[in-house]
Amino acid sequence: MKQEIKMGNPSLTIGQIEHVLNSFIENKVHIPLMLWGKPGIGKSEIVKKVAKDNNYKLIDIRLSQKENVDIAGMPVTNTIEINGEKHNVLDFHPPRWFVEALFEGNCILFFDELNRGRPETLQAIFQIIYDRTLNGKKLPETVLQCAAGNLSLIH
0 MKQEIKMGNP
10 SLTIGQIEHV
20 LNSFIENKVH
30 IPLMLWGKPG
40 IGKSEIVKKV
50 AKDNNYKLID
60 IRLSQKENVD
70 IAGMPVTNTI
80 EINGEKHNVL
90 DFHPPRWFVE
100 ALFEGNCILF
110 FDELNRGRPE
120 TLQAIFQIIY
130 DRTLNGKKLP
140 ETVLQCAAGN
150 LSLIH
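No gaps in the numbering here: position 101 of the sequence shown is 100 in numbering that gives the first Met the number 0, and each next residue is one more.
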């Protein structure tokens, strides 16, 4: 019996998911890919395999272990000048994983355990997933975004 992962409405096997991921990389598709399936069927492993097979760096972000500051960055104060006047502003230092994605070259940005992330953490990743940006910095086209979650654990 083949293990299946839901992808939108259709169910795909692990082998089919591997083919889809490889096609996304080969054709430079920038649509985030969401994998839903039962725990332990190989969602994370197939993403790791595809990264390795394509010589892509895997940036694995386990959302169940992250706070929103781990995603959005650390707030810092800064001073800017506008029309000759200095103003104090709040900026954010991007997290290390985002800087790696910006400058690493070919990589898969993998948001794993999506269903186990805290709501405020999930809110923080929406801009990255939808707009490919964080704090005004845009991910290069060499970054593939993928997320995975377990169907039986959605809360």
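Built from N, CA and C at the ideal position, the CB exists for glycine as well. No experiment lies behind these values; they were computed from the predicted model shown.
Legend entry - Minimum Cβ-Cβ distance from P38 to chain C less than 8 Å: No chain C appears in the structure shown, which is made up of a single protein chain.
Inset, instruction - Just mark I70 as buried or exposed, buried being the case when its beta carbon has 16 or more other beta carbons within 10 Å. - result: buried
Inset, instruction - Report the residue from N87, W35, I24 and E25 whose alpha carbon sits nearest the alpha carbon of G148. - result: W35
Legend entry - Beta-carbon gap between Q126 and T120 smaller than 8 Å: no
Inset, instruction - Go ahead and pull the three-state DSSP assignment for V19. - result: helix
Legend entry - Cα-Cα separation between I153 and C145, rounded to whole angstroms: Confidence is the limiting factor: at I153 the pLDDT is only 49, short of 50, which leaves the residue's position unreliable, though a coordinate-based value still follows. Answer to the nearest angstrom: the Cα atoms are 18 Å apart.
Inset, instruction - Give the C-beta separation of D213 and V75 to the nearest angstrom, bearing in mind that I take them to be a contact with Cβ-Cβ under 8 Å. - result: Residue 213 lies beyond the residue range present for the chain, which begins at 0 and ends at 154; the question has no answer from this structure.
Inset, instruction - Under 6 Å Cβ to Cβ from C106, same chain only, skipping five residues before and after it: list those, please. - result: Y55, K56, I58, A100 and V142
Inset, instruction - Below 8 Å CB to CB, which residues in the same chain sit around Q122 once its five sequence neighbours on both sides are set aside? - result: N67
Legend entry - Nearest to E17 (by Cα), restricted to the options S43, R61, R117 and H86: S43
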